[in-house]
Amino acid sequence: MTVGDISADSISAYSPIAAPALQLPIRDDATSAQGIGTHSWSSGSWPTDLVHAAFTVLVHRYSGQDDIVLARAGRAVRSYDVQGLTLGGLASALGERYRDAARGGGPADLGDGLRVGTVDSDGTAPVAEGFALLLEITLAGFTLHYDRALFTPELIRRMAANLDTLLDDAVRRPQAPVGDLALLAEPERRRLSQEFNATALPYDRGTTLHALVEAQAARTPDAPAVEFNGTVLTYRQLDRQANRLARALASGGIGPGSRIGLSLPRTHHAVALLFAVHKAGCAYVPLDPAYPADRLTAIAATADMAAVVHDGDTAPDWLAGVSATALSWPELWEKASAEDDTPPGVTVGPEDTTHLIYTSGSTGIPKGVVISHRNVLALLAWSEATYSAEDLARVLFSTSLNFDLSVYELWAPLTRGGCVVVVDNVLALTEDEGLRPTLVNTVPSALNVLLQRAAVPASTRVLNVAGEPLSKELVNAAFATTDVERLYNLYGPSEDTTYSTWKCFTGPTDEAPTIGVPVHNTVAYLLDADGRPVPHGATGELHLGGDGLADGYINDPERTGAAFVPAPDRLGPVPGGRLYRTGDLARWTEDGELRFLGRKDNQVKVRGFRIELGEIESVLREVVGLRDVAALAVGGGADTRLVCWVGLDGAEVTTEAMSAHLRAKLPHYMQPAKILVEERLPRLPNGKVDRKALAARPIDWGTDPATTFTGDDPDEASVARVWSELLGLSGISPDLDFFSVGGHSLLATLLAARLSDTAGRPVRVAEIYGHRTLAEQAELLRRTREQAADEAPADAPARLRAVAETLRESARGHGVPGASTAVFLDGRLDLTYYGVTDTDSRTPYGPRTRQRVTCISKAMLAFVALRLVDRGLVGLDEPLNELLPRAFRRRDGRTVEVTLRHLLSHTSGVDDSYEVWHDTDLPDLDTYLDSLEGYGQLFEPGEVFAYSAVGTSIVAALIERLLGIPWRRAVNELMLTPLGIKEIPETRTEGGHYGRAVSTGYIWTEKVKQYVRHDPPKQTIADDAAGSFSVCLTIADLAKIARLAVDDGVTADGERLLSAELARQMRTPQVPVPGHHFMHAWGLGWLMFGPTAFGFNSNGSGHHNFIQIFPEERSFLLLLANAYPAFGLYEDLLRTFTGEGLIRTGRPFEMELDDCAGLYASDGYRLQVERGAEHLRYAYSERQPDGAWRCLDEGDLVLSGAGGFSSMSEKNILAGSISFIPTPGTATPGYVRIGQRFARRTR
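Taking full-length UniProt numbering, I'd label the letters of the sequence shown as residues 1 to 1243.
This is the structure we're talking about:
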């Protein structure tokens, strides 16, 4: 530690503290005061100098900085080395420097701008401003002042206590060196070393990993254990395969204690082989076939492998120089098939090695971490105490064996009866909807991509994230857009077996995530450079110990000794007596959790990969002609990229040659995105490269603007546009390499998704790696589009293929941002997706996109009610008066008989204008129904058709009376759950959390001639007190509901939910009702529209949804569009599907109120609108065969009502409407919209 001076000029940028500082007196009782005085005089210093010296030591211990710059009022101090001094000696030296100083000092500079100072005061002078932390020394004692914006009272109290402890120890031991003085009082030392590490959990320490899996196989032999590409291995099959493979290894001379390299693709067979390696008493060494040969050779040089299992019949070239036996997987599998399937009977102990994990090494040589059965058992003990069997039912095995996350993904489910779902990588979730994982284990940057793609399946209960710092924004996005119940932020190096600390989130958070607390049987200490525990709240290097601690690095005692150190005696008993120095900085929070603060060296994490920048530099220095080399990670989060700066030593070396050399030596995740050549690199005064100066330099990821893409190839132009959006390039040429201009694995996933949308067929990430240049990707796009056109089966109905093409062309032509269709024809269901859910984020509109469907509630309640009829709980044509005695009393006091058929067919006569229906403050349906007495009945039942949401609410009340459960639960149990659709909450959730991502809505605005963004809809089940609700559904969900209509109450899986007779009554043909003009009676649930088709259209929050059912041919056409109105798109789809459209449509008319009067016409129909003082008068007419016009409907639209509107403020007229649009932020009508039904305005 050194103490130095600081000039006034160097602190001019600092401003005084705006908030008033708080004060906390420090204990200064007579005994300690006398001791301080005695100690100071004996060392030749003043008491204030001794306190100042102690304060200097305190700041050094808290900040972790060796170079401390302090200011003292009226004095400055020159740099002074205090190593080995006693506190009295330091005080004497400081006193001399103060007295010799000729000029005033300034505030102290600690770390990131912390300013610390001391002031001698007689108690009357005001305290100096401008300091974050200030020690005031007076004749009566001393006081700490602090900035409340930077420090908490609890932290200052601890600092005061630490200073008190330091002074007491100095008085008791005046000859003790500064470094040995105690800073922590016994209660704080005990809290940090014992209470924060009370993690002991009993578990079977004498077993082995494969023994646990064998025991599980005995318990659940027929349960699925491994799934890969549709192939499923049961636990019995997995166990027997592993036994045969283990015997085959043994018969080949590979005995217990051997290490076996695995260079295989990720399949179910690889899982069986891993199991077999452990049964044979061996350890596996993962060897990624995609790694450069030099990298694999370097691993083989230290791993001392007995054999390497490779894929294919021919051994890879790099194995030629390795002493290990090469085993072909096909030959090994064939040999194993002849072996006995009983256990090999090899004795294995918990201290035996299970595997090696190789990590990046700063010297250019990778380090092999040795993991034992005991280490993995400790991890699994924590897992069993933390995760339920349901959580582990289907765990995605997505991480390469080369990384430690794979240990958890593989063995946690297999030891608990779960199924390991094998995929290439976690981003496979964007391409495969059938994986159905319950737990997904990944890194934050990959999770961010999954959320952008709405690719986290509804089956997922738990998200584990590790490998990178986690932001609160990502936590909140995960809970806002998925159905997950918990998210775990996990931290841990390979040297401590995957996970060392954990933090669980069960919902959104307002705080930056910590890395939590140690997992079971793990201890964590924060130590300074001298191995001393730092105070609570101070920064220290994280040291880990416990049962998960690895044995060290294979055949590398020097680096093992540097990283795995004996536990300092001052910590007390430490499990195992060893600690691993992580190189990570952290501090304990007030809640006893660890907050990660970054690295103390040049190691970085990029998208979860642990990288020593020194290794990249070491490999790059092998290139002749380089003078200086510096590798840095720039950017942040998912956009972090590796960049290398090089200085040439007079030689001509191209960046292409340097890149080629790196590709030959290092794996893909260690390849720099850019190599920048400079004449010389900036340096610090000590001669080292100034990395901060390099990191601050702007980097142009584009190319020369003169090379801006100008080609004529439309596919190249399409790819160039995507590149420009993803990479921010300033210029693009066909021969550019995507990965050399800033592309990386996550951007490759987004690129694949965008090309998939364009091609109409999935483009896989692996194809992006195989087609790196823009020209190659354009050819990939062209070929994929052609395959999509050829892939439709020959027997697929022509209409089915045509609808998919129409969706893309019509949506693009109408400017609809995103949409999806479902077509069911001849027993085949086809789903098609187009566009984006949000024009800002460009999230693709895909299989998991939910959209708000408003009118579906009536069909749901009708379906559930008819299921109760099926069960005999109520009759369809029996009066309901006894069940709901007060709901059907006329205004004249006479009670009328209303049946369930009346309610479902909207002929009950209930007055829908009843305003109580809109009162969201009613506590429950009973109160609401009671309020109908003497008001609700308007017409005689069965006489007049009139749509009635009140009638629907009465059906909800009836369901509750009959079942004794909330109607929402009834909808879940009797309809949604059997269909496999996300359940609706059982309690009212206005504004609450619904779950999956809901598409943003867009509304057409005539003024700008395009759809404009609407406020995003609430991700809720929107409902009111009376039971009307809308549901957020995917197009696949909506198709499941529509199948009930066309298949007479039978689900797609063949389960009958409703009798055929009642199911057919749900789609009763339309019947004209006298007195209601053009509208017709609906069936018992499925809404009807048009003369031949059943279904409905609905809209809300910028969404438009259509259901058309064709019972005669057992087919349907569904559309979800995130744009309102979308009649033009729907008309095109319907015309394609049926050969003729229902209506002709144009754009809606939007006018000021005073300019809306006139005549609006379409083929065969017209609408006359007149402007009144407080209403609009309308008349809707139809042309008769003789040319005369017959009025179908007429009435008034009221301009005012409750909140500025009433229930009559909008009038639906077939596919068109006339409605008032409020002025933004008010309830006052701003202008009028005349719907698309009317294609022209004649006057």
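For each residue, glycine too, the CB sits at the ideal point set by N, CA and C.
In this chain, the beta strand (DSSP E) harbouring P286 covers 283 to 286. Under the DSSP assignment, W411 falls in the alpha helix (DSSP H) whose first and last residues are 405 to 414. Inside the region 430 to 458, DSSP marks whole alpha helix (DSSP H) runs of 4 or more residues at positions 444 to 452, from first to last along the chain. Secondary structure at I699: coil, using DSSP grouped into helix, strand and coil. With respect to K600, G576 sits apart: the two C-beta atoms are not nearer than 7 Å. Between the region 456 to 467 and the region 418 to 427, the count of Cβ pairs shorter than 8 Å is below three; the stretches do not touch. Between M658 and I611, the C-beta gap is not smaller than 7 Å, which leaves the two residues out of contact. C-alpha of R801 to C-alpha of A307: approximately 53 Å in a straight line. Beta-bridge analysis with DSSP links V51 to no other residue.
Counting C-beta pairs closer than 8 Å gives fewer than three between the region 309 to 318 and the region 167 to 181, which falls short of the contact rule. Under a 10 Å Cβ-count criterion, T784 is classified as buried, with 16 or more other Cβ atoms of the shown protein chains found around its own Cβ. Pairing D496 with L544 gives a Cβ-Cβ distance under 7 Å. In this structure, the beta-carbon distance from A211 to A242 does not fall below 7 Å. A straight-line Cα-Cα distance of about 13 Å links L774 and G742.
Counting along the chain, A217 sits inside no beta strand (DSSP E); it lies in the alpha helix (DSSP H) bounded by residues 209 to 219.
In this structure, L642 lies away from A630, with their beta-carbon atoms at least 7 Å apart. Annotation for G561: no beta strand (DSSP E) segment contains it, though the alpha helix (DSSP H) segment containing it runs 557 to 563. Ranked by how close their Cα comes to the Cα of V1012, the residues A1123, I554, H536 have A1123 in first place.
With distances taken between CA atoms, P573 lies nearest to G546 out of D222, E590, D1186, G546. Secondary structure within the region 649 to 682: the alpha helix (DSSP H) runs of 4 or more consecutive residues, fully enclosed, are 655 to 665 (chain order). Residues of the same chain with a CB within less than 8 Å of the CB of E716, apart from the 5 flanking positions on each side, are F709, P734, L774, A775, A778 in chain order. DSSP lists T899 as the beta-bridge partner residues of P879. Counting along the chain, K605 sits inside the beta strand (DSSP E) bounded by residues 603 to 606. In the DSSP secondary-structure assignment, V823 is bridged to D830, L1117. Going by DSSP, K503 is part of the beta strand (DSSP E) stretching over 501 to 505. With respect to G1102, I1003 sits close: the two C-beta atoms are nearer than 7 Å. For T302, the enclosing alpha helix (DSSP H) has its first and last residue at 293 to 303. For I1003, the enclosing beta strand (DSSP E) begins and ends at 1002 to 1005. Using a 10 angstroms sphere on the CB of E656, the tally of other CB atoms stays under 16, which defines it as exposed. Secondary structure note for S1181: its beta strand (DSSP E) is the uninterrupted segment 1175 to 1183.
Going by DSSP, Q194 is part of no beta strand (DSSP E) at all; its letter is neither H nor E. The three-state secondary structure of V519, taken from DSSP, is coil. Take R680, set aside five residues on each side of it, and the residues of its chain with a beta-carbon closer than 8 Å to its own are R627, D628, G647, in chain order. Annotation for R599: the continuous beta strand (DSSP E) segment containing it runs 594 to 599.
Annotation for R627: the continuous beta strand (DSSP E) segment containing it runs 626 to 634. Taken through DSSP and simplified to helix, strand or coil, P224 comes out as strand.
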